[in-house]
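K.L.:
Respectively, the protein sequence lines represent chains G and V. The working numbering applies: residue 2 is where the first sequence begins, and numbers increase by one. The working numbering applies: residue 13 is where the second sequence begins, and numbers increase by one. Would you mind keeping the following structure in view while I ask a few things?
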Amino acid sequence: MWALSKKNEPDADLEIDRVIHEPSRLKIMAQLYVVESADYTFLMKQLGFTWGNLSSHLTRLEKEGYVLVEKEFVDKKPRTTLCLTDAGRKAFNRYRAIMKDVIEELPE
Amino acid sequence: MNMNEEIDLVKLEQATFRTANQDGLTEFWMGLMIMAIGMLLVSSSFAAYIALIIIFQVAVTERIKEKYTYPRIGRVKLKEESEIPSTPGWIAFAIIAIIAISAAVISTRADYAVVILIATWAPLLLGVVFLWPSAYLVERSGLKRYYAFGISTLILGVLLFLIPFPHPADRMTLFMLFSGGILTLAGVTSMLRFTRKYPILELEDVGVEQEE
Chain G
2 MWALSKKNEP DADLEIDRVI HEPSRLKIMA QLYVVESADY TFLMKQLGFT
52 WGNLSSHLTR LEKEGYVLVE KEFVDKKPRT TLCLTDAGRK AFNRYRAIMK
102 DVIEELPE
Chain V
13 MNMNEEIDLV KLEQATFRTA NQDGLTEFWM GLMIMAIGML LVSSSFAAYI
63 ALIIIFQVAV TERIKEKYTY PRIGRVKLKE ESEIPSTPGW IAFAIIAIIA
113 ISAAVISTRA DYAVVILIAT WAPLLLGVVF LWPSAYLVER SGLKRYYAFG
163 ISTLILGVLL FLIPFPHPAD RMTLFMLFSG GILTLAGVTS MLRFTRKYPI
213 LELEDVGVEQ EE
């Protein structure tokens, strides 16, 4: 079984990452996975999120070390650039691999 | 997107590419470049124009994007996108430039029969070469309509190859002007549609947090 050990206990290596598993955060992770970097405006428009919604999920992902948030001022205007960290990319790849196994093991 | 949906990263990447390039600037610059190369066959003074495009294209594009694109759709850096143009599309232009310059140099020194041969076949060959950036754009964007450019330039190349011209070099000039013109026009149309479709986002539209 994908997420349980032989003793029928959760296997830490195969456990689904609940931070990524949340649908909105999964969308953010997937979007950032396919680009080098993006800003808040792009993510909001592309994913259809509100500023507050996006901000709260990004805070969680940043806290987890999956997303790097870089803030700077260019011509006196704020610019926030977001990108996945190496840990974020690894976690996302791992999540995809586990989910693939889960879906493949589902009965017809 | 949830556990029952497979995460299609290819489609997501294509959607991102479409969003990032819908301002039409890529087509606009490509079109200008092709037309300038075509005009090089008419007058060598256009070499300076080509040099100016190559030198200032990145900086000018960035300034235009700062003013028109980023305030509307935000900023994204696609994978494999560097500051210096190095995508297959630009490589194709380098090939075209080399072919055009070589043809121009050969035409001044080689035997007239060779010049006629080059000038006759060049539009057809370039029509085939243009299928490459066309296929690249289809792959990156997922939009089959980008094949239209490659197919139309191929048809144009075949037509110019078949139609007799008083001066053989006219074929090449016409080919470059037409294909470049199509791209430039497509770029301008996309640009106009883009600015109408997306209003400029003000700080209050995206949230007060941005003002921190």
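We put the CB at the ideal spot given by N, CA and C, even for glycine. These numbers were taken from a predicted model, which means no experiment stands behind them.
For the candidate residues V:168, V:192 and V:195, whose alpha-carbon lies nearest to that of residue 183 of chain V?
P.N.:
Walking along the second sequence from the start, residue 183 of chain V turns up at place 171. Residue 183 of chain V has its Cα closest to that of V:168, out of V:168, V:192 and V:195.
K.L.:
Mapping DSSP to helix, strand and coil, what is residue 87 of chain V?
P.N.:
Mapped onto the second sequence, residue 87 of chain V falls at position 75. Note: residue 87 of chain V maps to coil in three-state DSSP.
K.L.:
As a quick exercise: from G:57, G:96 and G:24, pick the residue whose alpha carbon is nearest that of residue 88 of chain G.
P.N.:
Numbered from 1 along the first sequence, position 87 holds the residue referred to as residue 88 of chain G. Put simply, of G:57, G:96 and G:24 the residue whose alpha carbon is nearest the alpha carbon of residue 88 of chain G is G:96.
K.L.:
So, for residue 96 of chain V: in the same chain, excluding its five sequence neighbours on each side, which residues have a beta-carbon less than 6 Å away from its beta-carbon?
P.N.:
Here residue 96 of chain V refers to the residue found at position 84 when the second sequence is read from its first residue. Because the pLDDT of residue 96 of chain V is 46, which lies under 50, any placement of that residue in the model is unreliable, and the question is left without a value.
K.L.:
Please report the distance separating the alpha-carbon of residue 57 of chain G from that of residue 164 of chain V.
P.N.:
Here the question's residue 57 of chain G lines up with position 56 in the first sequence. Here the question's residue 164 of chain V lines up with position 152 in the second sequence. Their Cα atoms are separated by approximately 49 Å.
K.L.:
Thinking residue 191 of chain V and residue 142 of chain V are a contact (beta carbons under 8 Å), I'd like their distance in whole angstroms, please.
P.N.:
Reading the second sequence from its first residue, position 179 is the one you call residue 191 of chain V. Reading the second sequence from its first residue, position 130 is the one you call residue 142 of chain V. 7 Å between Cβ atoms; contact.
K.L.:
What residues match up with residue 80 of chain G in a beta bridge as DSSP calls it?
P.N.:
Here residue 80 of chain G refers to the residue found at position 79 of the first sequence. Note: residue 80 of chain G sits in a beta bridge opposite G:73.
K.L.:
What residues from the region 76-88 of chain V come within 7 Å of chain G, judged by C-beta to C-beta, listed N to C?
P.N.:
Along the region 76-88 of chain V, going in chain order, the ones with a CB nearer than 7 Å to a CB of chain G are 85, 86, 87 and 88.
K.L.:
Please state the DSSP three-state secondary structure of residue 136 of chain V.
P.N.:
Taking the first residue of the second sequence as 1, we reach residue 136 of chain V at position 124. Taken through DSSP and simplified to helix, strand or coil, residue 136 of chain V comes out as helix.
K.L.:
Measuring straight from C-alpha to C-alpha, what distance separates residue 22 of chain G and residue 29 of chain G?
P.N.:
Mapped onto the first sequence, residue 22 of chain G falls at position 21. Mapped onto the first sequence, residue 29 of chain G falls at position 28. If I take the Cα positions, the gap works out to 11 Å.
K.L.:
Since I believe residue 90 of chain V is in contact with residue 28 of chain V (beta carbons under 8 Å), could you give me their beta-carbon distance rounded to a whole number of angstroms?
P.N.:
The residue labelled residue 28 of chain V in the question sits at position 16 within the second sequence. The residue labelled residue 90 of chain V in the question sits at position 78 within the second sequence. Between residue 90 of chain V and residue 28 of chain V the Cβ distance is about 7 Å, and since that is below 8 Å, they are a contact.
K.L.:
I want to know whether the region 37-50 of chain V touches the region 65-75 of chain G - three or more CB-CB distances under 8 Å.
P.N.:
no
K.L.:
Drop a sphere of 10 angstroms on the beta-carbon of residue 22 of chain V, count the other beta-carbons inside from all chains shown, and report buried for 16 or more, exposed for fewer.
P.N.:
As a first step, residue 22 of chain V is located in the second sequence; it is residue number 10 there, counting from the start. Exposed is the call here.
K.L.:
Using the Cα positions of residue 84 of chain V and residue 133 of chain V, report the straight-line distance between them to the nearest angstrom.
P.N.:
Here residue 84 of chain V refers to the residue found at position 72 of the second sequence. Here residue 133 of chain V refers to the residue found at position 121 of the second sequence. When rounded, the distance between both Cα atoms is 44 Å.
K.L.:
To the nearest angstrom, report how far apart residue 147 of chain V and residue 106 of chain G are at their CA atoms.
P.N.:
Position 135 of the second sequence holds residue 147 of chain V. Position 105 of the first sequence holds residue 106 of chain G. Straight-line Cα distance between these residues: approximately 37 Å.
K.L.:
Looking at the unbroken alpha helix (DSSP H) that takes in residue 22 of chain V, where does it start and where does it end?
P.N.:
Numbered from 1 along the second sequence, position 10 holds the residue referred to as residue 22 of chain V. Counting along the chain, the alpha helix (DSSP H) containing residue 22 of chain V begins and ends at 21-32.
K.L.:
Between residue 206 of chain V and residue 36 of chain V, how many whole angstroms is the CB-CB distance? I'm expecting something under 8 Å.
P.N.:
To locate residue 206 of chain V, count along the second sequence from 1; it is residue 194. To locate residue 36 of chain V, count along the second sequence from 1; it is residue 24. Sure, about 6 Å apart at Cβ, within 8 Å.
K.L.:
I need the straight-line Cα distance from residue 5 of chain V to residue 155 of chain V, nearest angstrom please.
P.N.:
Outside the shown range of chain V, which is 13 to 224, sits residue 5 of chain V, and nothing can be said about it.
K.L.:
So, is the C-beta of residue 28 of chain V closer than 8 Å to a C-beta in chain G?
P.N.:
The residue you call residue 28 of chain V lines up with position 16 of the second sequence. Yes - at least one Cβ of chain G is within 8 Å of the one on residue 28 of chain V.
K.L.:
From residue 150 of chain V to residue 49 of chain G, what does the alpha carbon distance come to, in whole angstroms?
P.N.:
As a position in the second sequence, residue 150 of chain V is number 138, starting the count at 1. As a position in the first sequence, residue 49 of chain G is number 48, starting the count at 1. Between the C-alpha atoms of residue 150 of chain V and residue 49 of chain G there is a straight-line separation of about 25 Å.
K.L.:
Starting from the Cα of residue 91 of chain G, find the closest Cα among G:25, G:31 and G:24 and give me that residue.
P.N.:
Stepping through the first sequence from its first residue, residue 91 of chain G is reached at position 90. Residue 91 of chain G has its Cα closest to that of G:31, out of G:25, G:31 and G:24.
K.L.:
Starting from the Cα of residue 39 of chain G, find the closest Cα among V:42, V:39, V:26 and V:87 and give me that residue.
P.N.:
For this step, residue 39 of chain G is matched to residue 38 along the first sequence. For residue 39 of chain G, the nearest C-alpha among the options comes from V:87.
K.L.:
Taking CB distances under 8 Å as the criterion, tell me whether residue 60 of chain G reaches chain V.
P.N.:
Translated into positions along the first sequence, residue 60 of chain G becomes position 59. With 8 Å as the cut-off, residue 60 of chain G does not count as an interface residue toward chain V.
K.L.:
Would residue 44 of chain G and residue 62 of chain G qualify as a contact pair, given that the criterion is a beta-carbon distance under 8 Å?
P.N.:
For the purposes of this step, residue 44 of chain G is taken as the residue at position 43 of the first sequence. For the purposes of this step, residue 62 of chain G is taken as the residue at position 61 of the first sequence. No, they are not a contact pair.
K.L.:
Use the C-beta contact count for residue 60 of chain V: other C-beta atoms within 10 angstroms, 16 or more gives buried, fewer gives exposed.
P.N.:
Here residue 60 of chain V is taken as the residue at index 48 of the second sequence, counted from 1. It counts as exposed.
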